[in-house]
Amino acid sequence: MPAQFLLNLFIAFLWTTLQDEDELKMTTFFSGFIVGIFIIFLMHRFFGTQFYLRRLLSIIKLLFIFISELAQSSLLISKQILNPHWDLKPGIFTYKTELKGDWEITTLAMLLTLTPGSVVMEVNPEGDMFYIHAMDIEQSKADVMRSITKFEKAIMEVTR
Amino acid sequence: MSISQMIEFVAVVVIFLGSVMSVISAFGIIRLPDVYTRSHAATKSSTVAVLLSLSGAFIYFWVSEDFISVRLILGILFVFLTAPVSGHLLTRAAYRSKVKLTENSSDDALKEVLFPEDK
Amino acid sequence: MFSINLVILIPFIVAALIPFSYRRFKKVHLGWIVLIVPVVLFVLLARLIPSLASGKTYVHTYEWIPSLDFNFTTYLDGLSMIFALLITGVGSLVILYSIFYLSSKESLQHFYCYLLLFMGAMLGVVFSDNLMVLYVFWELTSVSSFLLIAFWNHRKASRQGAQKAMLITVSGGIAMLVGFIMLHTMTGSFSIREIIASVSEFSDHDLFIPAMILILLGAFTKSAQFPFHIWLPDAMEAPTPVSAYLHSATMVKAGIYLVARFTPVFGADEVWFWVVSMVGMITLFWGSFNAVKQTDLKALLAFSTISQLGLIMSLLGLGSIALQFGYSADSVLYTQATFAALFHLINHSTFKGALFMVVGILDHELGTRDVRRLGGLMTLMPFTFTIALIGSLSMAGLPPFNGFLSKEMFFAATVHIMEVDIFSLPSLGLIFPVVAWIASIFTFVYCMIIIFKAFLGKPQQEKLDKPIHEAPIGMLISPMILVALVVGIFFFPNLLGQYILQPAMSSIYPTFGDAADLTPKISAWHGIKPELLMTIAVIIVGAILFKFLKLWKPIYGLFSSRFTFNVLYFNFLASSVSKSNLVTNRYMNGLLRHYLLYIFIFFIVTVGGYLLYFKAFSFDISTNASFRVYEVCLVAIMAVAALSMLFAKSRITATLLNGVLGYSIAIFFVIFRAPDLALTQLVVESVTTVLFLLAFSHLPDWKKEKLSKGTKLINGIISVAVGLVVVIVGLSVVDFNLYDPISSYFEDAYELAGGANIVNAILGDFRGFDTMLEVVVLFIAGLGVYSMIKLRVKKEDENIEDQ
Amino acid sequence: MKINDVILRTISRFVVFIILTFGVYLFLSGHNTPGGGFIGGLVLASAIVLLYLSTDIETVKKSLPLDFKYVAATGVLLATSTGFGSIIFGVPFMSQTFAYFDLPIFGETELTTVTIFEAGVALTVVGVLVTIILSISEDGG
Amino acid sequence: MIEKILLASLTLFAISVAIALFRIIKGPSMPDRAVALDMIGVNLISMIAIISIVLKTKAFLEAILILGILAFISTIAISKYIERGTIIEHKSDD
Amino acid sequence: METLIIMLIGILVAVATYLILSRNIIRIILGTAVFSHAVHLLILTMGDLKKGNVPLLKEADAPYADALPQALILTAIVISFAVTAFILVLAYRTYQDVGTDDLDELRGARDE
Amino acid sequence: MNNLIVLPLIIPIMVGVVLVFLRPYVKLQRVISLITMIGIAGISIFILNRVQTHGIIRLDFGGWEPPFGILFVADSFAMLLVLTASIVTAICLIHAFSSIGEKHEKMYFYPFVLFLVAGVNGSFLTGDLFNLFVCFEVMLLASYVLITSGGTKPQLRESIKYVVINVLASWFFLVALAFLYGTVGTLNMAHISERVAEVGQGPLLTTISILFLLVFSLKAGLLLFFWLPGSYSVPPTAVAALFGALLTKVGIYALFRTFTLIFYHEPLISQTLIGIMAGITLIAGCMGAIAFKDIRLIVSYNVLIAIGFIMIGLAIGTETSIAGSIYYVVHDMIAKAMLFLLAGTMIYLTGKSKIDEMSGLIRNYPLFGWMFFLVTCSLAGIPPLSGFVGKILVGQGAIESGSYVLLALAFISSIVVLYSLLRIFLNTIFGETIISLEDEKPMKLGMIIPIVLFGIATVSLGLGAEFISVYVTDAAHTLSNPSVYIDAVMGGNK
Ligand code: NA
Ligand code: NA
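Just so you know, the protein sequences line up as chains A, B, C, D, E, F and G, in that order. Each residue of the first sequence is one higher than the one before, starting from 1 at the first, in my numbering. Each residue of the second sequence is one higher than the one before, starting from 161 at the first, in my numbering. Each residue of the third sequence is one higher than the one before, starting from 280 at the first, in my numbering. Each residue of the fourth sequence is one higher than the one before, starting from 1083 at the first, in my numbering. Each residue of the fifth sequence is one higher than the one before, starting from 1224 at the first, in my numbering. Each residue of the sixth sequence is one higher than the one before, starting from 1318 at the first, in my numbering. Each residue of the seventh sequence is one higher than the one before, starting from 1430 at the first, in my numbering.
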């Protein structure tokens, strides 16, 4: 995959020189880069690997998940704060994940933390068990269980 | 009112929303019963508040001064990345320094792993 | 003509050579080498006597610090010649004597080094015309005297005696110095001759009397005048040659010299007359009175010296009255007192020198100086006895010895003074002859004590450690020469008068025309005059008192020993030490809090006090910039955060609150348009917090402050006051708008320094030097922290530092 | 249960690069916008501090085998020698010069002795800060 | 209008800071205070952004990022301190 | 504004003074920290507040805020940081060797 | 050519930093640092003479004309102090070679000394008030490190107090600078002087001047001296000697400079208040000097006496008395350093610090003993040693201006000095020998040589006072006539 990126850079550079301008312009280079993306997308099967910007797309997707989770959870917590009769049952529960590696675990933990009503408190030394604090343990547990496979999938799309 | 003025106004409203969010989360910091629940408020509402105001500022500068601030983008990214980590670290520290959960709490899966002797 | 400056320098040069060369003279007693110096100098000086007698004087100047007018100017005249001859003459005899007195086992190199140092210094005192140089030598005599008294410094008494002598004489010297400076202020000159020449121009100056008193203080302390006499008896801890030389013949007479030298300056003033003559009289009486009760012969001689110095001093005082009257045929009569003073000065050196040497012989040969253990030495030590007899009788004022002549003149002078009618109380003048007479009786008594108690009666071998035997001839030569002089002067006094005393008289009375008028003819027999009757009465009463000494000696017990000046001196020192200790320990108590309180109080009192007292406070809110609600909130937040720090129960809370303060200040930097500051403040604040946390892992959490309510109250009041003062001054400064700051210059930073960030241009260029040093500060701190942590003392290295 | 710092470590690894880049940017941009040697140095130092915080001394030592005392000393030498250079050129001590050059790629660029001076400042700040923090941390533990 | 809203927002943010300050003072636990301090930092970031708009300057945008960075670093340090008593370790246990 | 800030400075100074008069070394060090906060604000206030734009020539137009005090404060901040670092280490080294962080117990031996 | 006057500051700094790199090579460090100090002394002599021929030299850093940039101003007063400081440091370094110990030497001892000197020299030379603050800090930081170097308990204990008090002093300095900038809007000392003179020194400016008085008095140990005895009695000998000689002199210098150049319009402060403070310092110093038996304390309180004495010269304020003070400062730097070295060596030799615990050292170490006697006489102002000229001139000034109380205090203090030092001398140097020949620690050559060098210095400074009188006269003239300094700084480019 790095080869694809380098090639893309080369195309952009070529593009810039072909423009034959007095000075180097960032914008020219940028347009060259976009041209390169287009060319490489067409040709990516030659490399026998995935199109490298695919990963970018998955990252963006992941980011959206992040943002939407954050928005939801902040609304939820605002509601909980402003609720005059506060009678939730907080608590700590565990979740075992199949994700491996620092990046995956970290990303998932952050996602979970931003999920409504839960904060990851601990990761066990083996790195496969999360200890999660929930604002309202019943509801959060359910929320987490519901969306967690979605998260794991999105993450693996980026990393694997 | 031109388009750009309208966008400016929207940006400012976004900022204002952020400030409201911030006050709410601050209120949560007082209202909620223990440090763990309070950290929910801090990591979520307060993060949203700052993201809103920074985005508002970003939009404002973009529209009114035609200035795309990389620094603001970086700032947003940074807060976004670090806020959950802070929440994680602080609650962990709280638990490990034996700060009690609120009375209402039901489950405590960590207790048996960390402080089995306290049972 | 050789310069007199050289006479002064030779002893110093030889003294400086001794430490480097004394090892070469293992076989010869070092004294023989040293003896050459005074002998040569004496001869050199003596050769000038005739020319001085013909009225010549010698001046020579070497520049020392010309820009301050401190020049090494020597002036040889009649007065200095007398002293110079005494210094070199007696010096020769004393060194000769010391060769036999001090064994080669003593650290002779030190002894002779000090002695030469003294000799040079003393010559310097009498030859210096420049006041500052005179002062230099004056203090050097004190220093060398100190060293000589402490010669046997392993003895506690020696050290104490030395310290006392040094303190008193140096203090006097310092007073004298101030007097000299005052003289310079009045006259613009440091030269004694010039000052004397311009006396009439400044004698009504405000500083005239203060200068006089201060200079007299110097003279009195040096010459052991009452009540400063207390150092002299203790100085007897010095080896006897030293006592004979410094503490009877020469150094103690430096004060006499000074008074004589300054008589032409101050003598015309009534104060001078009274102070000098009265102090002299009291000293004369007190010395002789106390001498009688002494049992240590050396102490007896010490008090006797005090008394005799008083006598000479009072004579100089009496003689000064002539200057009040101005030069006339009548006033010449009063100059005879001065003449007598100079005459007695010489006589005293001869007989007292001899007596000291006798005591030294006794001490050296018999191991004691205590009259209670002595007696009957006459037959066993015939030469010593003869010397002692002549010396004592001369001191007692009996013929045919020189003491008789000068004492007669002294009585005559006191009688003359009685007749002076310038005093408002005519009977006051009677004091002088009466005191003189009584003192002479005591003098007679103690002279008899020397003769009868030590030499007559039965020998008391059982009380002595050594067998009684005559001293070796070497030790007898010097005292013999001296007693020969005692007798010789009695028979040929006018030789002395004409060649030695007459030039000196013209130095003291420069305005009195022909010095020959001032030189009376001395004769042993001048008819039955009051003075002769007084002498006869002295002998009769003195003999009776001596006979019944045991009966009246208890009188001395009446004087409480708690109030002697000696005790007062010691108590003063001891209580100064203990009081100082008490007071200093009280405020220098090692408590940082107190030290800080002193500083804050000083701040409040001086800065706040001045501001309020002189109404420097001004305040006008209208020039202020506007403020917004959120800014007020921030101010309130900072105030609350700060105040909460006071009540924080744990150090982390306080640290976090400090962090809040720091961050809030960064926001104010933003509000006040200081972007670089905001950035720096943010980073520094965070790093500081990290540092605090790092350090906390090495420190205990804080406990509740154990401060009493009162302490807290004081702290509170002080804190509020400090804050208030800063606020008041700050507001006034804001209101002070007379100048534009220089900073508009920096707004051309882009053209001048190529930077668009003005602050950065200031830091990097306009004031880059500050930045460079600031980097150094940071570097030192970093390196310092590193070395402080890495460098630890092992426990055993911490020996005494830890006490 | 042992502490697992995986989240902190992972995020920090990423964040440190942002901070480092930002620090260099601040250092270079001080001439016209806020920043400069001090701030740049401070930010660079905080990046290193973050490394220490998120991992441990030995790990950082392995990847950053520098004696920071010497870094600081080099910085001071650099800062002082720009001043000293003026002595050699016979102009008043600490005279800074600046000039604009037209460079390929970078365009019109200002080169000044101040930059060298500020580099010295930045190095000192980094060196000192890390030295202090490291010394305390290494002590007695 | 815009400025008024912005000033109102600023005031609101300042109030949040004040409330968080209250939590710092009151505690009761150290983590409580640390959470509050973290929040203050985040709120100050917003305030700087708004003040930049009010003052019409881009000079403080660096400060935003810096404050973000430093609030994070401080939080790490404080939480490590609370948790372990030391904030920089010689060698990790693993 | 100036008056307000100076009042704040006054409070900071009073608090710092009270802290520095404590027995506990950490309180004292915190006192010095508050002192420096106060003086930095003070220096800034002594130049005129809010009377100009950010002193960045390419960023804003004249008039500019007084830049000199800003530069001075920057220097002062760095120096006070250096000192604080040193004194903190000094404090804990003292505690390690002498065994107390209480200034009253650091009076030293008396010489009678 | 003017760049010459930055050398006394920049050379020690750069050499100091280079020595950091030479950490393991202790011998090399010694040689280099000694050569550096001697070199600076040489440069200082050159500058001093140039000042006589060319007038005051100034160096505008970066070429920025006053009052906008920072500048160094070398007049005779500053250069005399720089010269003396360099000589004293060089000699103290020699002592340090054999006394400080290799462990300390490897912990950057020499760099710290050089930084200290740089700060001191910078303080003497700078013509900018804020830069003075920075130079102070350079000096202070170095002194903080040096006072703790060794890390014994008493050192740690006293250095905390020393540091805190100095931090407070620095704070007051900044407050004073802030106020001054708020009023006159400038930092250049000559420019400040001009502006203050222009409006007249009103009550507000006088208030600010008192604040400066407070700051510099803290540094100088004038009245606010509480930090001094403790902190001067704990560091290693060579360091204590440096402190005793240099540190307070910087404060004294600053007081002289500010109250003759800038705030000379209000005699109530510049004379009466300073006079009272000097008097109290003198009395307190005298009491302390006789109160204790610990040599280090006695010596430290003697420092106070000298401070009081020197400040009396300023309080009197005539050209003569100021000249006297300048003579006395130079003398005191040398004699105090010598005294501190002697005291420290004495403690090293006997392992004791109280005067009644030692005795008879003269038998074991005769030269050492005589050197102590020499310094006793010198400090008591006994002529013809170095203390004497200054004393006379101060006295002369006092009499001319009718300040009799100060006069009396000044001269009586000499007696107390004499007493306090004689007490040491008679108790420790003289007396029964307690150290037997076997127990005798050999006197290191490296310890006695610097003492003898100081001894030679104090003798030759007294006998050869004429050699420096031309400089002192010029220095006093400049101080008494602010326009000389102002013209040199503000009078266009040179
Ligand atoms: Na003003
Ligand atoms: Na003793």
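All C-beta atoms in this analysis are idealised placements derived from N, C-alpha and C, irrespective of residue type, glycine included.
- Cβ neighbours of G1202 of chain D within its own chain (closer than 6 Å, five residues either side excluded): G1157, L1160 and A1161.
- Any Cβ of chain C closer than 8 Å to the Cβ of V1351 of chain F would place that residue at the interface, and such an atom is present.
- Judged by beta-carbon spacing, G596 of chain C lies beyond the 8 Å limit of V550 of chain C, meaning their Cβ atoms are not closer than that value.
- By the Cβ neighbour-count rule, F926 of chain C is exposed, with fewer than 16 other Cβ atoms within 10 Å of its own.
- Ranked by how close their Cα comes to the Cα of L331 of chain C, the residues C:K983, C:L320, C:F397 and C:D356 have C:D356 in first place.
- Under DSSP, M129 of chain A forms a beta bridge with A:K96.
- For R1487 of chain G, the enclosing beta strand (DSSP E) stretches over residues I1486 to D1489.
- The secondary-structure analysis by DSSP pairs D1723 of chain G across a beta bridge with G:K1783.
- Neighbours of P1386 of chain F in chain G, taken as residues at a C-beta separation under 7 Å, are given in chain order as Y1610.
- Exclusion of the five residues before and after Q439 of chain C leaves D513 as the residues of its chain whose Cβ lies within less than 7 Å of its Cβ.
- With a contact defined as Cβ atoms closer than 8 Å, L1651 of chain G and L1684 of chain G qualify at about 7 Å.
- Look at the beta carbons and you see the stretch 673-687 of chain C touching the stretch 769-782 of chain C: at least three pairs across the two are nearer than 8 Å.
- Counting only unbroken stretches of 3 or more residues, no beta strand (DSSP E) element lies wholly within the stretch 1876-1914 of chain G.
- Under the Cβ criterion of 8 Å, A1382 of chain F is not counted among the residues facing chain G.
- Rounded to whole angstroms, S1094 of chain D and I1276 of chain E show a C-alpha spacing of 31 Å.
- Secondary structure of E157 of chain A (DSSP, three-state): helix.
- At a cut-off of 8 Å between C-beta atoms, V1098 of chain D does not count as an interface residue with respect to chain A.
- Judged by DSSP secondary structure, N350 of chain C falls outside any alpha helix (DSSP H) and instead within the beta strand (DSSP E) spanning F349 to L355.
- Burial state of D87 of chain A is exposed, judged by a 10 Å Cβ sphere holding fewer than 16 other Cβ atoms.
- For L1500 of chain G, no alpha helix (DSSP H) segment is defined; the enclosing uninterrupted segment is the beta strand (DSSP E) at L1500 to A1503.
- Judged by DSSP secondary structure, Y1065 of chain C falls within the alpha helix (DSSP H) whose first and last residues are G1047 to K1069.
- For H339 of chain C, the secondary structure class from DSSP, reduced to helix, strand or coil, is strand.
- Within the same chain, F975, D980 and W981 come within 7 Å of R930 of chain C by CB-CB distance, once the 5 residues on both sides are set aside.
- DSSP places A619 of chain C in the helix class (H, G or I) of the three-state scheme.
- Any Cβ of chain F closer than 8 Å to the Cβ of Y1573 of chain G would place that residue at the interface, and such an atom is present.
- Between R1624 of chain G and chain C, the shortest Cβ-Cβ separation is below 8 Å.
- At a cut-off of 8 Å between beta-carbon atoms, I997 of chain C makes no contact with chain G.
- One Cα belongs to F240 of chain B, the other to G247 of chain B, and the distance between them is close to 12 Å.
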